[in-house]
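J.:
2 protein chains.
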Amino acid sequence: MIIIGEKINATRKSVRSIIQERQEKALASLAKDQAEAGASYIDINVGTGRGSAADEIEAMKWAVAVVCNAVDKPLCIDSADPPVLEAGLSALEGRSAMINSTKADEKSLGEILPLAAGFGVPVVALAMDDKGIPETVDGRLKACRMIVEKAREKKIPMENLFFDPLVLPISTDARQGRVTLDTLAAVKEAFPEARTTMGLSNVSYGLPGRSALNAAFLQMAVYAGLDAVIMDPLDEVMMDAVRSGEALVGKDRHFRKYTRAFRKKAR
Amino acid sequence: MIIIGEKINATRKSVRSIIQERQEKALASLAKDQAEAGASYIDINVGTGRGSAADEIEAMKWAVAVVCNAVDKPLCIDSADPPVLEAGLSALEGRSAMINSTKADEKSLGEILPLAAGFGVPVVALAMDDKGIPETVDGRLKACRMIVEKAREKKIPMENLFFDPLVLPISTDARQGRVTLDTLAAVKEAFPEARTTMGLSNVSYGLPGRSALNAAFLQMAVYAGLDAVIMDPLDEVMMDAVRSGEALVGKDRHFRKYTRAFRKKAR
């Protein structure tokens, strides 16, 4: 499983201050802690929803430089704003990365796919269009098909698409958990070379016992074909769920990761 | 989820004594405890692998009478031996039940399906034949097809078949977890009216952290289409897994079971 560490996200208040005040040490710690806990990618989202576009571009450049200096992991440049993505990608200095994210609308695809093609990096592709998140598997798959078509035009290799089937709270519509999982399975069937990802904590919104629900949903997603997950790698419940899930579906050769983690905890 | 309480099984040493010594109170307690914990069916297996066939028939009659007297739940008459099954079914006195189990071989089907048809009860149908448990999804599905064919000849309604895709330890073959789950999904697709069941603790045999692995496998199976599970209803980890699994795939209307259990624990 590819673990995309989600902690550097300026929508979280404590992170917002770190970024606005350019607290280099604190940002580096966030990156290091996630890398040590097992993150494969470090996500960087500096969008506060407040500052100007120019502010965000400067913040992204700074954050990319700090994180590249702190850890040797690939980055996940996270923004809905193409100039911010471009600023982040341009600041990489050879570090590999992925883009998070595009959706299936003309404007987003027209601006973001050229960045993915130009920088030769994977891109998270959301199963939604300009009208929002479709309620059905067919609707979400249709959005994915549109992205595939445009990606092919740009000669983006299929394995550089990470489809996110999108997770809605089951508390508002109990069918949505299954819609997400079935979309995931349908994407893997329709585009076997493409990869899949999701951030899944939304699923339990509004219900008690969220941590266990999120872990259970992750297990199901591992069976449905999840390749990458956007999560907090310091969350041991979720990391255990990744390891046991992969062990159960034969993705952990000789159970090395599973048993190693188990022995570590037993100490 | 139909919970088949597995605790009354004479292969367990403590239960063997209860049955051999005809400890009525102790057997009744085992039944009551499971019923109170949420069992839908109480499984009864009196096979010690030691006594004579006549002993086992007498033991089954006694156990059925005691359990029928102790709780008002349906029974799951569990034996590989048709005369023992018949003795148990004949002792029901109107209580509903299911048979556990037949496999896809001529002898087993020829003796057990007539009992299922004659008593009008569901039967657990193991996805294996006279050569053992097939290693592949196709092999197991073929066994299920043979059972369906013979069941149709006997006019057994499809919903009275509970297919068990069978669970092997992943520690000896890491692919087997996925084979079980994919067989489950394939059975639901091939025979949508049929139902599915399994006893899943085998999956984690030989690995550490078995309880969490079993719970994770159960979650995956809930997504793959599991209708019934043979388990210990007093195992809170597994019961939580059932409830969160069903909540996530939209099988718990208004999240009543999930939130009720959660509130109960919070007290």
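Protein chains in written order, with the working numbering: chain S, 2 to 268; chain E, 2 to 268.
Glycine residues also receive a C-beta, built at the ideal position from the N, C-alpha and C atoms.
(1) Alpha carbon to alpha carbon, what distance is there between G89 of chain E and E59 of chain E?
(2) Any C-beta of chain E within less than 7 Å: which residues of the region 210–222 of chain S qualify?
(3) Distance, Cα to Cα, T260 of chain S vs L208 of chain E?
(4) Determine which residues of the region 119–135 of chain E have a Cβ less than 8 Å from any Cβ of chain S, and write them out in chain order.
(5) What does S133 of chain S pair with, by DSSP beta-bridge criteria?
(6) Taking the continuous beta strand (DSSP E) assigned at G6 of chain S, which residues delimit it?
(7) Who are the neighbours of R176 of chain E on chain S, taking C-beta pairs under 8 Å?
(8) Output yes if chain E places a C-beta closer than 8 Å to the C-beta of Y206 of chain S; else output no.
(9) Enumerate, from N- to C-terminal direction, the unbroken beta strand (DSSP E) stretches of 3 or more residues contained entirely within the region 89–153 of chain E.
(10) For my contact list, E57 of chain E and P83 of chain E are in at a C-beta cut-off of 8 Å; report their separation, rounded to the angstrom.
(11) Going along the region 36–59 of chain S in order, which residues come within less than 8 Å of chain E, judged by CB to CB distance?
(12) On the premise that L219 of chain E lies in contact with G246 of chain E, defined as a C-beta separation below 8 Å, what is that separation, rounded to the nearest angstrom?
(13) By the DSSP assignment, the alpha helix (DSSP H) with R211 of chain E in it spans what residues?
(14) Could you check where the beta strand (DSSP E) with A229 of chain E kicks off and where it finishes?
(15) Give the list of continuous alpha helix (DSSP H) stretches no shorter than 4 residues that lie fully inside the region 36–96 of chain E.
(16) Less than 7 Å between C-beta atoms, sequence neighbours within five positions excluded: which residues of the same chain meet that for S172 of chain E?
(17) Within the same chain, show all residues whose beta-carbon is closer than 6 Å to that of C69 of chain S, passing over the 5 residues directly before and after it, in chain order.
(18) Quick one: grab the DSSP three-state call for T197 of chain E.
(19) Tell me the rounded alpha-carbon separation between E189 of chain S and F163 of chain S.
(20) Buried or exposed for R13 of chain S, please, with buried defined as at least 16 other CB atoms from any protein chain shown within 10 angstroms of its CB.
(21) Please report the straight-line C-alpha distance between A32 of chain S and A11 of chain S, rounded to a whole angstrom.
(22) Starting from the beta carbon of F192 of chain E, find every residue of chain S whose beta carbon is closer than 8 Å, and list them in chain order.
(23) For S202 of chain S, return the contacting residues in chain E, with the cut-off set at a CB-CB distance below 9 Å.
(24) Starting from L162 of chain E, trace the beta strand (DSSP E) in both directions and tell me its first and last residue.
(25) Closer than 9 Å between beta carbons: that is the criterion. Which residues of the region 156–176 of chain E meet it against chain S?
(26) Quick one: any contact between the region 70–80 of chain S and the region 41–49 of chain S, if contact means 3 or more CB pairs under 8 Å?
(27) If we ignore side chains and look at the alpha-carbon of each, how far apart do L185 of chain S and K108 of chain E end up?
(28) At the level of alpha carbons, what is the spacing between S292 of chain E and A216 of chain E?
(29) Please work out which residues of its chain come closer than 7 Å, Cβ to Cβ, to L116 of chain S, disregarding the five sequence neighbours upstream and downstream, and give them in chain order.
(30) Which residues bound the alpha helix (DSSP H) around L249 of chain E?
(31) Under DSSP, the alpha helix (DSSP H) around Q177 of chain E begins and ends at which residues?
(32) Using 10 angstroms around the beta-carbon of S53 of chain S, count the other beta-carbons present and answer buried if the total reaches 16, otherwise exposed.
(33) Can you name the residues of chain E whose CB is closer than 7 Å to the CB of L182 of chain S?
T.: To lay it out plainly:
(1) C-alpha separation (whole angstroms): 9 Å.
(2) Per Cβ criterion, the list reads G210, A213, L214, A217, F218, Q220, M221.
(3) So the alpha carbons of these two residues sit roughly 8 Å apart.
(4) So the list is empty, because no residue satisfies the distance condition.
(5) Residue identity differs from the one stated: residue 133 of chain S is Gly in this sequence, not Ser. In the DSSP output, where bridge partners are listed per residue, G133 of chain S has S:D130.
(6) Looking at the DSSP string, the run of the beta strand (DSSP E) that includes G6 of chain S is 3–6.
(7) Near R176 of chain E (Cβ distances below 8 Å), the residues of chain S are G251.
(8) It does not; no Cβ of chain E falls within 8 Å.
(9) Restricted to the region 89–153 of chain E, the beta strand (DSSP E) segments that are unbroken, complete and at least 3 residues in length are 98–105, 124–130, listed in chain order.
(10) That pair is no contact at about 12 Å.
(11) Taking 8 Å as the upper bound on Cβ-Cβ separation, chain E lies near no residue of the region 36–59 of chain S.
(12) The Cβ separation is near 6 Å, so the contact holds.
(13) Its alpha helix (DSSP H) spans residues 211–225.
(14) Note, A229 of chain E: beta strand (DSSP E), 229–232.
(15) Listed in chain order, they are 54–71, 83–91.
(16) Its chain contains Y206, G207, L208 as the residues whose beta carbon lies nearer than 7 Å to that of S172 of chain E, once the 5 sequence neighbours on both sides are disregarded; these appear in chain order.
(17) The residues are R96.
(18) In this structure, T197 of chain E counts as strand in the three-state DSSP scheme.
(19) Going by the sequence as given, residue 189 of chain S is Lys instead of Glu. Near 11 Å, if we compare the C-alpha coordinates of F163 of chain S and K189 of chain S.
(20) R13 of chain S comes out exposed.
(21) Separation of A32 of chain S and A11 of chain S (C-alpha to C-alpha, rounded to the nearest whole angstrom) is 14 Å.
(22) By Cβ distance, chain S contributes nothing, its closest Cβ being about 20 Å from F192 of chain E, past 8 Å.
(23) Here the premise fails: no neighbours, minimum Cβ distance about 13 Å.
(24) Segment 162–165, the beta strand (DSSP E) holding L162 of chain E.
(25) For the region 156–176 of chain E, which is checked against every Cβ of chain S, the residues closer than 9 Å are I171, S172, D174, A175, R176.
(26) With the cut-off at 8 Å, the region 70–80 of chain S and the region 41–49 of chain S touch.
(27) The alpha-carbon atoms of L185 of chain S and K108 of chain E are separated by roughly 42 Å.
(28) The question about residue 292 of chain E has no answer, for chain E in this structure spans 2 to 268.
(29) Leaving aside the five residues that flank L116 of chain S on each side, the residues in its chain whose CB is nearer than 7 Å to its CB run, in chain order, P83, L86, E87, L90, I100.
(30) Taken as a continuous stretch (DSSP letters only), the alpha helix (DSSP H) holding L249 of chain E covers 237–249.
(31) 177–191 is the span of the alpha helix (DSSP H), which, as asked, contains Q177 of chain E.
(32) Around the C-beta of S53 of chain S, fewer than 16 other C-beta atoms lie within 10 Å, and the residue is accordingly described as exposed.
(33) Within chain E, the residues near L182 of chain S are Y224.
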